[in-house]
Amino acid sequence: MQTQNEKQLQLQNYLEQLGVSNIYQYCLSYEEDLLKLNRMTNKQLNDAQYKISSSFCKTPLQNAKELLKKQQNLQNLTFGEKELDDLLEGGLQIGKVYELSGYPCSGKSILAQKLISQNFKCNQKGAWYLDISNQFNLKRFLKMYGLNAQKKEFEKCFYHQIIQDAKSLYISLCILMSQLSQNKYYNQSKINLLVIDNFAMILRKKEPYSEYLSYITQIINIIKQMCSEYNLTVLTITNQEEKIIFKSKTEDIFRNKSNLSIWNFVPDSLILIENQLLITSENFQRNAKISYTVLSDIQMKDQNTVTVNKQY
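The opening residue of the sequence shown carries number 1 in full-length UniProt numbering; numbering runs sequentially from there.
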């Protein structure tokens, strides 16, 4: 059962999607009493939404299609290019963690950077790029994806940070969390995507095991919190070779069920690049085969997966 505040918030969000700035404008436009709105049943609330939407569209059918599209866009982060969105099975789910994996030179970072550029062009949103591999070049990125003319606007919502070890990764995530919290309070969030490239490389750094364990636990917790509280979509890039190292070094951790925060860190989905992926600012060259695996019901010795393979 929804509370009065929840009903009012639901209708207000709905109105904003249709261009009605606030709920009081709705009351004036439709001669509704705000007190009556607060006493609405769920059915009456749905009827009110239908009445509003019908007045904004030529036909209820057209309205239904538009609302369905809006709802899908709210659930998925799409990038404005059909081939790119199709490659990702309709886009990336908002508030989820993805692992983008493949062997060296398979195009993982290029794909991630393409998503960043399209996210800015299509959604007017930016990203944090936590660069453990230390291979990102902003000047080259802007030129490759045709963003030189929008450089100032892009730099306002794009943050690039070179990461040295698990400690610096944790500090950067804390800074991002703080900014997301402030932006949410002021309703000015410009960031909806976090890219960590290359996540498994932090295991190369020589840190005491106990210190590493402490940081990686906190890193996992803060990533999960950012996804759930701020609807951040997270893309972690890993080399297949580094992944083997990651698994071997964390095997003992995963066996220890007391380390629940680490055991619970399983990406929601895996995007595995099997062939080299080439992306340019002009076209999307479809010569890549990507395995898109949805991970579910992860258990200690069993993985139930649903796999979709597509050849482009």
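Note that beta-carbon positions come from the ideal geometry of N, C-alpha and C, so glycine has one too.
Here the structure is a predicted model, which means the values were calculated and not measured.
Nearest candidate by alpha-carbon position, reference residue i, set the options
i       : options                               : result
Asp-134 : Ser-106, Asp-268 and Ile-237          : Here the sequence assigns Asn to residue 134, which means Asp is not the residue at that position. Comparing Cα-Cα distances from Asn-134 to each of Ser-106, Asp-268 and Ile-237, the minimum goes to Ile-237.
Cys-174 : Tyr-215, Lys-139 and Lys-156          : Tyr-215
Ser-269 : Leu-77, Gln-93 and Tyr-103            : Gln-93
Gln-118 : Ile-163, Leu-84 and Glu-89            : Leu-84
Gln-240 : Ile-222, Pro-267 and Glu-274          : Glu-274
Asn-221 : Ile-191, Tyr-170, Gln-124 and Asp-86  : Tyr-170
Phe-136 : Lys-152, Ile-163 and Glu-153          : Ile-163
Met-177 : Asp-165, Glu-229, Glu-155 and Lys-151 : Glu-229
Spatial distance of residue i from residue j (CA atoms)
i           : j       : result
Phe-120     : Asn-231 : 17 Å
Cys-227     : Val-234 : 7 Å
Cys-157     : Gln-113 : 14 Å
Leu-138     : Leu-115 : 15 Å
Glu-211     : Gln-161 : 22 Å
Lys-143     : Ala-149 : 9 Å
Asn-259     : Ser-106 : Its pLDDT being 43, under 50, Asn-259 is placed unreliably by the model, and nothing is read from it.
Gln-218     : Phe-79  : 31 Å
Phe-141     : Leu-213 : 34 Å
Trp-263     : Gln-225 : Any reading at Trp-263 must be qualified, since the residue scores a pLDDT of 38, below 50, and its modelled position is unreliable; the value itself is stated next. Taking the straight line from one Cα to the other gives about 15 Å.
Lys-167     : Ile-202 : 9 Å
Tyr-145     : Lys-108 : 16 Å
Cys-122     : Asn-183 : 21 Å
Pro-104     : Ile-290 : 15 Å
Phe-154     : Leu-180 : 18 Å
Ile-191     : Lys-96  : 15 Å
Leu-77      : Lys-125 : 11 Å
residue 314 : Ser-172 : No statement about residue 314 is possible, as the shown extent of the chain runs from 1 to 312 and does not include it.
residue 313 : Ile-110 : Given that the chain is displayed from residue 1 to residue 312, the structure contains no residue 313 and the question cannot be resolved.
Lys-151     : Leu-272 : 31 Å
Asp-86      : Asp-165 : 35 Å
Lys-82      : Leu-147 : 20 Å
Cross-strand partners of residue i (DSSP beta bridge)
i           : result
Phe-79      : Note: Phe-79 sits in no beta bridge, so no partner.
residue 351 : Within the shown structure, residues of the chain are numbered from 1 to 312, placing residue 351 beyond reach of any answer.
Glu-99      : Thr-236 and Leu-270
Tyr-159     : Trp-128
Glu-93      : Checking the sequence, you will find Gln at residue 93 rather than Glu. Per DSSP, Asn-76.
Asp-86      : DSSP lists no partner for Asp-86.
Leu-193     : Ala-127 and Thr-233
Minimum Cβ-Cβ distance from residue i to chain C less than 8 Å
i       : result
Ala-112 : Absent from the structure is chain C; it holds one protein chain and no more.
Assigned exposure category for residue i - 16 Cβ within 10 Å defines buried
i       : result
Glu-99  : buried
Ala-200 : buried
Ser-189 : buried
Ile-223 : buried
Pro-267 : buried
Gly-102 : buried
Thr-91  : The identity of residue 91 in the sequence shown is Gly, whereas the question assumes Thr. By the neighbour-count rule (16 or more Cβ atoms within 10 Å), Gly-91 is buried.
Leu-35  : In this prediction, Leu-35 scores a pLDDT of 46, lower than 50, which makes its location untrustworthy; the coordinate-derived value is nonetheless stated afterwards. So Leu-35 counts as exposed.
Any non-hydrogen atom of the ligand SAM closer than 7 Å to residue i Cβ
i       : result
Gln-161 : Judged by which ligands are present, the structure shown has none, so any question about the ligand SAM falls away.
Three or more C-beta pairs below 8 Å linking the stretch 189–200 and the stretch 114–131: Segment contact: the stretch 189–200 against the stretch 114–131, three or more CB-CB distances shorter than 8 Å; contact assigned.
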